[in-house]
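J.: Got a structure here, written out as structure tokens. Questions coming.
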Amino acid sequence: MKLTNSFFNAEGPPSHVYVLAPCCIPRVSYAFAEFTAARRAIELAYPRPNWDGDGALPIREETKKNALAILNQLEIATCAPEVTPNPNGTLSFDWETSNGFAQLEVGRTRYSFCVQPRSSSPTLDSRDVDDWDISVGWVVDALLFPKQTPPVSVISR
Amino acid sequence: MCDIPIAVSDGETIVRALFECHVNKRKHMLRDNVFRPKPGSDKVSVMRHTYMKSRACKAKAKQIAADPTNPYVGLAAITVKVVRRLGSDVVDSREEFCGHADISHGIAVLADEPPDPVLTLRIRALKENARLLIDPDPAVEEWSGEQVEPPE
Chain A
171 MKLTNSFFNA EGPPSHVYVL APCCIPRVSY AFAEFTAARR AIELAYPRPN
221 WDGDGALPIR EETKKNALAI LNQLEIATCA PEVTPNPNGT LSFDWETSNG
271 FAQLEVGRTR YSFCVQPRSS SPTLDSRDVD DWDISVGWVV DALLFPKQTP
321 PVSVISR
Chain B
5 MCDIPIAVSD GETIVRALFE CHVNKRKHML RDNVFRPKPG SDKVSVMRHT
55 YMKSRACKAK AKQIAADPTN PYVGLAAITV KVVRRLGSDV VDSREEFCGH
105 ADISHGIAVL ADEPPDPVLT LRIRALKENA RLLIDPDPAV EEWSGEQVEP
155 PE
């Protein structure tokens with residue numbers, strides 16, 4: 171079962187929301203509005219050079235396109251990141267909680283990833299954007315946003 | 005003529021001009037891009053606050069603000085000793101202006117591509133050790149924010 175945005179926009183409460191095993195559905199608890207804000211931050215990221223007064227490169231359309239594609243996939247894996255433009259023309263996705271931090275940096279052809287849980291050593295990775303995998307989002311979610319309760323609920327009337 | 009010694013000592017405090025892109029939305033945390041080098045370089049521009057003092061650093065920060073959508077918001081302060089402990093260096097670069105220096109990471113960052121994550125972690129550690137000093141009144145000439153260094 172795939173839950174779409176129309177699920178959230180429907181008038182009145184849904185007549186049935188089924189309980190499904192966590193492995194079978196995309197997570198629905200991540201804030202839609204925060205992902206919308208992150209998308210907007212990517213789209214509006216500085217298109218002109220020297221935006222930091224210190225020679226920064228503009229954020230190129232290819233980089234924005236890569237970042238948007240990855241963000242779209244992250245939406246079903248973990249919480250929305252804070253989007254940070256970098257002076258060398260890349261975009262970073264940052265997450266920080268009491269459990270540690272993670273950063274996914276997206277460029278024109280490559281991405282790099284590091285996650286540093288408070289209690290263990292960092293995990294580092296760097297690959298072609300084409301090789302990006304949703305498991306990055308799962309790692310962020312598991313290490314930084316551990317769940318106290320199962321991520322599904324029952325609503326019915 | 006620049007009377008500041010060329011050698012940058014461990015005891016000095018340096019500051020980085022902060023623009024809106026360097027702080028989070030609520031302006032209470034530095035972002036990880038604050039000590040990012042310029043593209044094709046390993047260097048980050050800073051000012052030698054121990055000599056220039058807050059007012060001159062603020063004036064220069066406002067002067068270099070280039071993008072109206074990314075205004076000046078304050079300064080980030082860190083000691084040279086901490087920068088060196090974390091593996092980077094600070095070198096005088098008075099050819100820019102008297103009081104200018106560069107944090108040199110020793111690893112150049114490529115245009116449009118992420119750096120080695122090892123450098124990312126070091127840049128983050130620098131951020132963690134820097135003090136965010138938001139300017140409560142960016143429009144005026146005087147620095148009226150938190151004290152950057154203890155009085156002599």
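Chains A and B supply the protein sequences, listed in that same order. Numbered per the working numbering, the first sequence spans residues 171 to 327. Numbered per the working numbering, the second sequence spans residues 5 to 156. Beta carbons are placed, not taken as given, at the ideal position from N, Cα and C, and that holds for glycine.
Is GLY253 of chain A near VAL285 of chain A, with beta carbons less than 8 Å apart?
T.: If you number the first sequence from 1, residue 253 of chain A lands on position 83. If you number the first sequence from 1, residue 285 of chain A lands on position 115. Per the sequence shown, the amino acid found at residue 253 of chain A is Val instead of Gly. Contact flag unset, no.
J.: What is the DSSP secondary structure of LYS317 of chain A, counted as helix, strand or coil?
T.: Position 147 of the first sequence, counted from the first residue, corresponds to residue 317 of chain A. Of the three classes helix, strand and coil, the one that applies to LYS317 of chain A here is coil, per DSSP.
J.: Starting from PHE23 of chain B, find everything on chain A with Cβ-Cβ shorter than 7 Å and list it in chain order.
T.: Along the second sequence, read from residue 1 onward, the residue named residue 23 of chain B stands at position 19. Ordered by position in chain A, the residues that pass the 7 Å Cβ test against PHE23 of chain B are ASP222 and GLY223.
J.: Output needed for GLN243 of chain A: all residues of its chain with C-beta closer than 8 Å, excluding positions within five of it in sequence on either side, in chain order.
T.: Along the first sequence, read from residue 1 onward, the residue named residue 243 of chain A stands at position 73. Correct list, in chain order: TRP302, ILE304 and GLY307.
J.: Considering only residues of the segment 247-296 of chain A, which uninterrupted beta strand (DSSP E) runs meet the minimum length of 3 residues and lie entirely inside it, listed in chain order?
T.: Qualifying beta strand (DSSP E) stretches, in chain order: 252-255, 261-267, 270-276 and 280-287.
J.: Under 8 Å between C-beta atoms, does PRO140 of chain B make it to chain A?
T.: By one-based count along the second sequence, residue 140 of chain B stands at place 136. PRO140 of chain B does not count as touching chain A.
J.: Between ALA60 of chain B and VAL152 of chain B, is the Cβ-Cβ spacing less than 8 Å?
T.: Locating residue 60 of chain B in the second sequence gives position 56, where the first residue counts as 1. Locating residue 152 of chain B in the second sequence gives position 148, where the first residue counts as 1. Taking 8 Å as the Cβ cut-off, ALA60 of chain B and VAL152 of chain B do not qualify as a contacting pair.
J.: What are the boundary residues of the beta strand (DSSP E) that includes HIS109 of chain B?
T.: Numbered from its first residue, the second sequence carries residue 109 of chain B at position 105. Where HIS109 of chain B is concerned, the enclosing beta strand (DSSP E) stretches over 104-113.
J.: Round the Cβ separation of ASN258 of chain A and PRO43 of chain B to the nearest angstrom and send it over; I've been treating them as touching at under 8 Å.
T.: Taking the first sequence and counting its residues from 1, the one referred to as residue 258 of chain A is at position 88. Taking the second sequence and counting its residues from 1, the one referred to as residue 43 of chain B is at position 39. Their Cβ separation, rounded to whole angstroms, is 4 Å, which keeps ASN258 of chain A and PRO43 of chain B in contact under 8 Å.
J.: Between A:TYR216, A:TYR281, A:GLY270 and A:GLY277, which lies nearest to SER289 of chain A when the distance is taken from Cα to Cα?
T.: The residue you call residue 289 of chain A lines up with position 119 of the first sequence. Ranking A:TYR216, A:TYR281, A:GLY270 and A:GLY277 by Cα distance to SER289 of chain A puts A:GLY270 first.
J.: Cα separation between PRO142 of chain B and PRO72 of chain B?
T.: By 1-based counting over the second sequence, the position of residue 142 of chain B is 138. By 1-based counting over the second sequence, the position of residue 72 of chain B is 68. Each residue's Cα considered, the two are about 14 Å apart.
J.: Whole angstroms are fine: how far does the CA of ARG280 of chain A sit from the CA of ASP300 of chain A?
T.: Working through the first sequence from its first residue, we reach residue 300 of chain A at position 130. Working through the first sequence from its first residue, we reach residue 280 of chain A at position 110. Approximately 8 Å, taken between the alpha carbons.
J.: If the cut is a Cβ gap below 9 Å, which residues of chain A does ASN133 of chain B touch?
T.: Locating residue 133 of chain B in the second sequence gives position 129, where the first residue counts as 1. Those do not exist, as ASN133 of chain B stays about 15 Å from chain A at its closest Cβ, beyond 9 Å.
J.: If you run the structure through DSSP and keep just helix, strand and coil, what is ARG98 of chain B?
T.: Taking the first residue of the second sequence as 1, we reach residue 98 of chain B at position 94. The answer is coil: DSSP assigns ARG98 of chain B none of H, G, I, E or B.
J.: Below 7 Å on C-beta distance, what does PRO292 of chain A contact in chain B?
T.: In the first sequence, residue 292 of chain A corresponds to position 122, counting from 1. LEU125, listed in chain order.
J.: Hey, quick one: how far does the beta strand (DSSP E) through ALA81 of chain B stretch, first residue to last?
T.: Residue numbering aside, residue 81 of chain B sits at position 77 when the second sequence is read from its first letter. Where ALA81 of chain B is concerned, the enclosing beta strand (DSSP E) stretches over 76-83.
J.: DSSP three-state label for ALA237 of chain A, please.
T.: Residue numbering aside, residue 237 of chain A sits at position 67 when the first sequence is read from its first letter. Of the three classes helix, strand and coil, the one that applies to ALA237 of chain A here is helix, per DSSP.
J.: Which first and last residues belong to the alpha helix (DSSP H) in which ILE229 of chain A is found?
T.: Translated into the one-based positions of the first sequence, residue 229 of chain A becomes position 59. Looking at the DSSP string, ILE229 of chain A is not in any alpha helix (DSSP H), and its letter there is neither H nor E.
J.: Given GLY277 of chain A, which residues of its chain have a CB within under 7 Å of its CB, disregarding the five upstream and five downstream residues?
T.: In the first sequence, counting from the first residue as 1, residue 277 of chain A sits at position 107. Excluding residues within five positions, the ones whose Cβ falls inside 7 Å are THR233 and THR260.
J.: Which class does MET51 of chain B belong to by DSSP, given the choice of helix, strand or coil?
T.: Position 47 of the second sequence, counting from 1, holds the residue named residue 51 of chain B. DSSP places MET51 of chain B in strand when its eight states are reduced to three.
J.: Can you confirm whether the segment 11-30 of chain B touches the segment 79-99 of chain B when touching is taken to mean that 3 or more C-beta pairs between the two stretches lie within less than 8 Å?
T.: They touch, by the three-pair rule.
J.: Taking the alpha carbon of ALA312 of chain A as the reference point, which residue from A:TRP265, A:ILE240 and A:ASN256 has its own alpha carbon closest?
T.: As a position in the first sequence, residue 312 of chain A is number 142, starting the count at 1. Closest option to ALA312 of chain A, Cα to Cα, is A:TRP265.
J.: Roughly how many whole angstroms lie between the Cα atoms of ASP14 of chain B and ALA70 of chain B?
T.: For the purposes of this step, residue 14 of chain B is identified with residue 10 of the second sequence, where counting begins at 1. For the purposes of this step, residue 70 of chain B is identified with residue 66 of the second sequence, where counting begins at 1. Rounded to the nearest angstrom, the two C-alpha atoms are 31 Å apart.
J.: Between MET171 of chain A and chain B, is the shortest Cβ-Cβ distance under 8 Å, so that the two count as touching?
T.: Numbered from its first residue, the first sequence carries residue 171 of chain A at position 1. Here the model assigns MET171 of chain A a pLDDT of 36, short of 50, so the residue's position is not dependable, and the following value carries that caveat. Judged by the 8 Å Cβ criterion, MET171 of chain A is not in contact with chain B.
J.: Any idea what DSSP makes of LEU137 of chain B, helix, strand or coil?
T.: Counting from one through the second sequence, the residue named residue 137 of chain B turns up at place 133. Looking at LEU137 of chain B - three-state DSSP - the assignment turns out to be strand.
J.: Classify ARG20 of chain B as helix, strand or coil using the three-state DSSP reduction.
T.: Position 16 of the second sequence, counted from the start, is the residue given in the question as residue 20 of chain B. In this structure, ARG20 of chain B counts as strand in the three-state DSSP scheme.
J.: Is the Cβ-Cβ distance between ASN139 of chain B and LYS62 of chain B less than 8 Å?
T.: Along the second sequence, read from residue 1 onward, the residue named residue 139 of chain B stands at position 135. Along the second sequence, read from residue 1 onward, the residue named residue 62 of chain B stands at position 58. The question names Asn, yet the displayed sequence has Asp at residue 139 of chain B. Yes, the Cβ-Cβ distance between ASP139 of chain B and LYS62 of chain B is below 8 Å.
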